[in-house]
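171 is the number that my numbering gives to position 80 of the sequence shown; each next residue is one higher, with no gaps. Since the structure comes first, as C-alpha cells, the remarks are kept for the end.
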Amino acid sequence: MLAVLAGCLAAGLAAHAAAPSLQPLRQGKWIVGTGGNAYDVKVVGNYADVALGWGGLAVIDVSNPTKCVRMGGYDTSRPAYGVAVSGNYAYVAAEWVGLQVVDASDPTNCVRVGGYAINGPAYDVAVSGNYAYVAGGFAGLHVFDVSNPANPILVGGYPIGNNTFRVAVSGAYAYVTDFYTGLHIIDVSDPANCVRVGGYNTSGSAYGVAVSGNYAYVADGRAGLQVIDVSDPANCVRVGGYVTSAFAWGVAVSGNYACVADQTAGLQVIDVSNPTNCVRVGGSATSGEAFGVAVVAGRIYVADGEAGLLVLPTLPNVQFTLRVDATTNETFTLQAATNLTPPITWTNLLTTNVPAMPFDYVDYDVKIAEKPQKFYRVRQP
C-alpha cells in the first residue's frame, strides 16, 4: 500500500517566508441531490461545466476538489445530455430544444445568448474554432457556425441516421458514435459539404468517443472499450480493447491511459500504451452511475448520474496528487524516497517556482507492485 510522508524541510528562508508544506490531495464531490443526473462534464480552469439532464447546466468551482461548490447554471427546459466549453461560452446539447449557447463568463449569473432547435434530439456537442458540432439522434450530425454565439447558423451536417449520440472533433474530421452502427468519421473540412469517409461497426452499442493521435477510443456499452486505428479514415481497423465489467458510456484519454465511465461499475482506468494489449490498471467504484468522464491537469472528473460530480486527483495504483503550499516566486524542490531507513536516498521530482499557490503535482509512478511505499518532502529554497 502506498504510504506518504507529508512533511517539509526549510533552509535559509527569508524572515517573511512561510515554511513550505505539502499534503495529499484527496477526492471530492459535488452532490446533485434531486436536481438532475450528471451525464457529461467539461473542465476549463477552475470550473467544471456539468450537463445535468433535467437539471440543465451546472457550473461547479473545482479549484479545491475537496470542497466543490456550485456557482451557478442555467435551466435548459429540456434534459441537458452534453456540454462543450469555448471561451466564455458553454454550448449545451439539450434534447428537443437543441443547441443552447450560455454565456458563463460570470458563473454566478449564466445567461442564454442564443440557440438552435434541430430536427432531432440533441445529445452531444463539440466545439472547434468557429463551429459547433451537434450529435442529433436519428437526425445525425449538425454543424453550426457559432462565430456569433448569439446567432448560431446551421451550415451543414450529415444524416448518419439510427441514433447518433456523441461527437469528437480532431483536425478535419468529426468522429461520431451511433448506438447501432458504431463509429463514423465525417470529413468536415468544408462544413457546408460534410462527407462520410469511413468508420467501424463496433460489436457493442457505441456511446462515447475520444480521439488521440492515430486512435479513436469508443465506449461501446457491454463490449467495453474499443480501440480503432483511424490513421487511414477510409480503412479503420480495430486493434484492441478491453471488456469492462458493466456498461461503457463515456471515455477520455490522457497520455497512456483511457478513463472509461462504466455506469454501475464506476470509473475504469485502462493502460493503452500498447493499443493491441490494453490492460486495466485501476479504477474507482462510484456511488451513482458513471456516464461521462474528463481528464484535465491530472485530475479525473466523473459525471456520476444521480450522485453528481466526482473529482479524483488521486487514484490507487494510477496516480497520486500532492498539493504544495510555499512562498510564491520562490524556488522549491519536491523530492521522494522509497524508505526512511538511513542512509535515506531522496530523488528530485521537480524544481520550480510558481506565481500562485497552492501548486499541485501529480505523481504517476505509484504502481503498488513495484514500490509498496513512497515518501515525499518539499524544500525551499
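Every residue gets a Cβ at the ideal spot worked out from N, C-alpha and C, and that includes glycine. None of the values given here were measured: they were computed from a predicted structure.
Check                                                                                                                                                                             : Outcome
Can you tell me where the beta strand (DSSP E) with asparagine 347 in it begins and where it stops?                                                                               : Asparagine 347 -> no beta strand (DSSP E), and no H or E assigned at all.
Go ahead and pull the three-state DSSP assignment for proline 115.                                                                                                                : strand
If you check the beta carbons only, do alanine 376 and glycine 357 fall under 7 Å apart?                                                                                          : yes
Identify every run of the alpha helix (DSSP H) within the region 380–410, keeping only runs that are complete inside it and at least 4 residues long; order them along the chain. : none
Would you mind listing the beta strand (DSSP E) stretches within the region 143–223 that are 3+ residues and don't spill past its ends, in chain order?                           : 148–152, 160–165, 173–177, 180–184, 190–194, 202–207, 215–219
What residues in its chain sit with their C-beta under 8 Å from that of arginine 287, if we drop five residues either side in the sequence?                                       : Tyr249, Ile251, His275, Ile276, Ile277, Asp278
Out of curiosity, what's the CA-to-CA distance linking asparagine 408 and isoleucine 435?                                                                                         : 24 Å
Just list the residues that DSSP pairs glycine 299 with in beta bridges.                                                                                                          : Ala310
Who are the near neighbours of proline 449 in its chain, counting only those whose CB is closer than 7 Å to its CB and skipping five residues on each side?                       : Arg414, Val415, Asp416
Does DSSP classify alanine 265 as helix, strand or coil?                                                                                                                          : strand
Counting pairs of beta carbons, one from the region 332–343 and one from the region 309–319, are three or more of them closer than 8 Å?                                           : yes
Taking 8 Å as the cut-off, does the region 385–395 touch the region 132–148 (at least 3 CB pairs, one atom from each stretch)?                                                    : yes
Return the CA-CA distance between tyrosine 224 and glutamine 191, expressed in angstroms with no decimal places.                                                                  : 12 Å
List the residues that DSSP assigns as beta-bridge partners of aspartate 362.                                                                                                     : Tyr348, Val370
Classify proline 446 as buried or exposed, calling it buried when 16 or more other Cβ atoms lie within 10 Å of its own Cβ.                                                        : exposed
In the structure shown, what three-state DSSP assignment does alanine 259 receive?                                                                                                : strand
Could you say which of Leu440, Asn444, Tyr214 lies nearest to tyrosine 455 if we only look at CA atoms?                                                                           : Leu440
Would glutamate 380 and glutamine 359 be called neighbours here (beta carbons separated by less than 7 Å)?                                                                        : no
When the distance is taken between beta carbons, is proline 472 closer than 7 Å to glutamate 421?                                                                                 : yes
How about alanine 181 and valine 188: do their beta carbons lie closer than 7 Å?                                                                                                  : no
Excluding the 5 residues flanking threonine 405 on each side, which residues of the same chain have their C-beta closer than 8 Å to its C-beta?                                   : Pro115, Leu116, Arg117, Gln118, Phe411, Thr412
Candidates Lys458, Gln426, Val216, Asn239: which alpha carbon is nearest valine 258's?                                                                                            : Val216
Any beta carbon from chain B within less than 7 Å of glycine 173's own beta carbon?                                                                                               : No chain B appears in this structure, which consists of one protein chain only.
Per DSSP, which one or two residues make a beta bridge with threonine 438?                                                                                                        : Ala427
Going by the beta-carbon positions, is the gap between alanine 195 and alanine 185 smaller than 7 Å?                                                                              : no
Which same chain residues, not among the five before or five after asparagine 347, have their C-beta less than 7 Å away from its C-beta?                                          : Asp362, Val363, Ser364
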